[in-house]
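Undergrad: Numbered by the working numbering, the letters in the sequence shown go through residues 6 to 638 in order.
Ideal Cβ positions, reconstructed from N, Cα and C, are used throughout, including at glycine.
Just so it is clear, the structure is predicted and the values come from calculations on it, not from any experiment.
Provided herewith is a single structure, encoded as structure tokens, for subsequent inquiry.
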Amino acid sequence: MSKKQFKAESKRLLDMMINSIYTHQEIFLRELISNASDAIDKLAYLALTDQNVGLNREDFAIELRADKKLGLLTVSDNGIGMSKDELEQNLGTIAKSGSLQFKQELDKEQRDVDIIGQFGVGFYSAFMVADTVTVLSKKYGQEEAWMWQSSGADGYTISPCEKTTVGTEVILKLKADSDDEKYSRFLEQYELQNLVKKYSDYIRYPIRMEMEKSRQKPKAEGEDEDKEPEWESYTELSTLNSMVPVWLKAKKDVTDEEYDGFYKDKFFDFEKPLAHIHISVEGAVNYKALLYIPARAPYDFYTKDYKKGLQLYSSGVMIMEHCEDLVPDHFRFVRGVVDTADLSLNISREMLQHNRQLAIISGNLEKKIKQELLSMQKDRREDYEKFFAAFGRQLKYGIVSDYGMHKDALQDLLLFWSAKEQKLVSLKEYVEAMPEEQKHIYFAAGESNARLAQLPQYQRLQEKGFDVLFMTEDVDEFVPRTLMNYMEKDFRNLATDDLDLSSEEEKKAAEAAAADWKEGLDFLKTALEGRIVRAEVSADLGSHPVCLVPEGGMSFEMEKYFKRVNPEMAMPVEKVLQLNPEHPMVRKLKTLITEDPEKAKRYAQVLYAQGLILADLPIEDPQAYTELICGLL
């Protein structure tokens with residue numbers, strides 16, 4: 006028996022793979038189990054036409070054995086096995102894959118046989134945890150068995166061995182524990198059980214292991230019945246994997262209880278989801294998916310620590326726990342799994358190449374999610390409002406992000422508080438309820454509905470019978486600015502925009518009032534120097550004497566937002582003082598400007614302070630304001 010050397014490029018690849026390609030040591034078990042599944046697939050395929058195989062589908066299995074004393078972990082299968090030449094080809098040359106060759110050799114019409122291991126390097130991940138790897142294999146149809154053995158990049162040996170049954174055993178001599186790594190954990194029953202559940206739960210063949218269990222010893226005849234029961238330990242061959250995932254079943258064969266139970270177990274949520282989406286697609290890309298709309302947001306959902314993405318499987322083997330590319334950021338709340346054999350994976354199976362298939366799946370899923378949400382909004386409004394309370398802010402972020410690229414996809418999903426209806430409404434519902442003479446979608450942004458209902462401009466709209474959307478989240482005011490219009494109706498902000506409410510006669514009266522007030526407006530600008538950029542008359546204030554509006558497009562709410570988010574970069578918003586020329590106090594001010602300018606200055610300060618209060622802005626000097634009021638009284 007002579008030692009054989011890996012080829013130079015294989016040595017480099019082995020070293021690179023062990024030290025850098027795989028980011029988690031634990032995936033070695035996934036790879037070995039996947040290879041075992043492939044080997045069984047090949048023999049099961051032959052069994053369809055070769056009665057001499059002598060095995061039925063239920064006879065096939067994968068077995069794990071852990072020997073803590075010797076530090077050995079064995080993964081065995083009763084699949085097709087390998088000959089001496091195949092051991093040389095498949096294990097002696099890295100990236101040579103017997104599974105891929107098998108698939109390529111199938112007749113064209115039979116190439117839909119599902120083979121997991123098509124890349125030939127997963128086996129070598131075993132060297133991340135093992136000093137020595139031994140492979141015992143007996144090929145179906147041959148009498149001889151062979152042993153392949155290697156301690157890494159130095160080379161390997163192949164020699165005859167004793168093996169009575171067809172199939173393959175991979176025996177790992179685990180590395181010794183160090184301060185940094187505890188390799189012995191891979192011999193623990195609970196660790197192996199958890200890894201199978203995590204990565205290989207849906208391998209189509211049973212994965213079995215002798216499990217230590219305990220049971221109550223039966224009492225001997227005549228033994229005292231009140232005596233404390235004794236327990237004894239025993240071992241039992243147990244199946245660790247589920248084998249058939251919910252998403253591979255037909256929809257008609259899955260109950261709502263099964264869907265909900267799978268979600269709770271898989272994603273560790275005690276509350277059942279609001280909806281599930283079961284998808285099976287055959288076409289340019291073949292895939293199955295099971296998606297869920299949760300009922301509540303995780304505690305870290307709106308933080309940078311939250312990990313979005315769907316679980317990605319390839320033929321029942323988990324490839325990625327959080328595949329971010331399968332779901333857009335605005336739908337990052339969706340949980341679920343996607344299973345496809347059509348994606349091109351790189352040699353580590355841990356990273357995806359960005360390709361057309363992935364883009365197709367992602368695009369299809371986005372459409373399905375939107376359809377489900379719209380259906381919920383229409384037919385199960387209470388559930389949808391619960392969803393929106395948890396994740397509506399994420400939809401709004403989706404609209405304003407990427408320069409509004411996703412606004413058309415998301416605008417119909419939004420809900421805002423209707424001041425008129427006193428409930429949440431969609432933009433479509435708002436527009437469809439608009440009076441014929443209403444030209445615009447009116448909205449107001451602030452900290453609470455109660456504060457917004459006190460805006461002077463709101464009173465005027467109420468008198469007209471026009472509804473106003475109240476927006477109370479930080480991101481809200483950016484949404485209509487991004488949308489600009491909806492169903493050919495543009496948005497008008499009560500605090501910053503021309504509300505376009507005046508008739509031609511009213512406009513002419515306003516122009517006359519502005520001309521009549523010219524000197525008074527100049528007086529106010531001087532009297533309030535440094536606080537306002539100008540004063541103007543307005544016909545939109547209802548019964549209120551005054552209000553403050555921002556200059557330059559940025560609202561007071563935006564100013565508050567930027568001060569919270571980035572105080573150093575926040576720019577102060579300049580203020581415009583608007584007057585209602587019909588209000589008695591404003592008429593009194595006009596008289597005082599001529600008769601008693603000093604008192605008029607104090608009136609101007611009072612009106613300015615009222616404007617601050619109505620705009621929910623702080624009064625600069627509350628004590629001075631109090632003294633001012635007392636002096637006037």
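For a quick check, are the C-beta atoms of residue 660 and residue 268 less than 9 Å apart?
TA: Because the chain in this structure spans residues 6 to 638, residue 660 falls outside the shown range and cannot be described.
Undergrad: Hey, is the region 555-567 in contact with the region 594-602, meaning 3+ C-beta pairs nearer than 8 Å?
TA: No: the two stretches stay apart, fewer than three of their Cβ pairs being nearer than 8 Å.
Undergrad: Cβ of residue 253 within 9 Å of Cβ of residue 321?
TA: Cβ atoms of residue 253 and residue 321: closer than 9 Å.
Undergrad: In whole angstroms, what is the alpha-carbon distance linking residue 229 and residue 215?
TA: Cα-Cα distance, rounded: 34 Å.
Undergrad: Figure out for me which residue from 518, 491, 465, 313 has the closest Cα to the Cα of residue 435.
TA: The shortest Cα separation from residue 435 among 518, 491, 465, 313 belongs to 491.
Undergrad: Whose C-alpha, out of 559, 154, 541, is nearest the C-alpha of residue 551?
TA: The option with the nearest alpha carbon to residue 551 is 541.
Undergrad: If you measure between the beta carbons of residue 239 and residue 219, is that distance less than 9 Å?
TA: A contact, by the Cβ cut-off of 9 Å.
Undergrad: My output table needs one value for residue 490: the three-state DSSP class, helix, strand or coil.
TA: Residue state, collapsed to three classes: strand.
Undergrad: Tell me which same chain residues have a C-beta within less than 6 Å of the C-beta of residue 172, skipping the five on either side of it?
TA: These residues qualify, in order along the chain: 82, 83, 84, 86.
Undergrad: How close, in whole Å, do the beta carbons of residue 210 and residue 42 come, if the pair is a contact with beta carbons under 8 Å?
TA: Right, their Cβ atoms sit about 6 Å apart.
Undergrad: Kindly indicate which three-state DSSP category residue 422 falls into: helix, strand or coil?
TA: Strand.
Undergrad: Report yes or no: do three or more beta-carbon pairs, one from the region 49-57 and one from the region 320-337, lie closer than 8 Å?
TA: Segments in contact, no.
Undergrad: Cα-Cα, which of 174, 236, 477, 437 is closest to residue 454?
TA: Checked all of 174, 236, 477, 437; the closest Cα to residue 454 is 477.
Undergrad: Measuring CA to CA, which of 166, 146, 53 is closest to residue 140?
TA: Nearest C-alpha to residue 140: 166.
Undergrad: Please state whether DSSP places residue 9 in a helix, a strand or coil.
TA: Three-state DSSP puts residue 9 in a strand.
Undergrad: Quick check on DSSP: helix, strand or coil for residue 725?
TA: Here the chain covers residues 6 to 638 and nothing more, so residue 725 does not appear.
Undergrad: Mark residue 401 as exposed unless 16 or more other C-beta atoms lie within 10 angstroms of its C-beta, in which case mark it buried.
TA: Classification for residue 401: buried.
Undergrad: For residue 421, which of 74, 411, 449 has the nearest alpha-carbon?
TA: When each option's Cα is compared against that of residue 421, the closest is 449.
Undergrad: Given this structure, state the Cα-to-Cα distance separating residue 538 from residue 608, to the nearest angstrom.
TA: Roughly 18 Å between the two C-alpha positions.
Undergrad: Roughly how far, in whole angstroms, is the beta-carbon of residue 212 from the beta-carbon of residue 38, given that I think they are within contact range, below 8 Å?
TA: So it is a contact: roughly 6 Å between Cβ atoms.
Undergrad: Where do the ends of the alpha helix (DSSP H) carrying residue 611 lie?
TA: Taken as a continuous stretch (DSSP letters only), the alpha helix (DSSP H) holding residue 611 covers 602-619.
Undergrad: Quick check: what's the CA-CA separation for residue 208 versus residue 152?
TA: Distance between the alpha carbons of residue 208 and residue 152: 26 Å.
Undergrad: Put residue 236 into one of helix, strand or coil per three-state DSSP.
TA: The answer is strand: DSSP assigns residue 236 an E or B state.
Undergrad: Please classify residue 410 as buried or exposed, where buried requires at least 16 neighbouring CB atoms within 10 angstroms.
TA: The residue is exposed, with fewer than 16 neighbouring Cβ atoms inside 10 Å.
Undergrad: Check each candidate in 429, 408, 398 and name the one with the smallest Cα separation from residue 387.
TA: Ranking 429, 408, 398 by Cα distance to residue 387 puts 429 first.
Undergrad: For residue 154, report the span of its beta strand (DSSP E) as first-last.
TA: Per DSSP, residue 154 belongs to the beta strand (DSSP E) from 150-155.
Undergrad: Considering Cα atoms alone, identify which of 312, 249, 600 is closest to residue 303.
TA: When only C-alpha atoms are compared, the closest one is 312.
Undergrad: Within 10 Å of its beta-carbon, does residue 133 have 16 or more other beta-carbons around it, so buried, or fewer, so exposed?
TA: Buried, by the Cβ-count rule.
Undergrad: Residue 606: which of 488, 534, 559, 581 sits nearest, CA to CA?
TA: The shortest C-alpha separation from residue 606 is found at 534.
Undergrad: Using C-beta distances below 7 Å, list every residue in its chain close to residue 168, excluding the 5 sequence neighbours before and after it, in chain order.
TA: Around residue 168: 141, 143, 150.
Undergrad: Cα separation between residue 119 and residue 40?
TA: Confidence at residue 119 is low in this model, with a pLDDT of 45, below 50, so its placement is unreliable and the value that follows should be read with caution. Computed Cα separation, rounded: 12 Å.
Undergrad: Beta-carbon of residue 348 versus every beta-carbon of chain B: anything under 9 Å?
TA: Of the protein chains in the structure, only one exists, and it is not chain B.
Undergrad: In whole angstroms, what separates the C-alpha of residue 203 from that of residue 328?
TA: So the two alpha carbons sit approximately 15 Å from each other.
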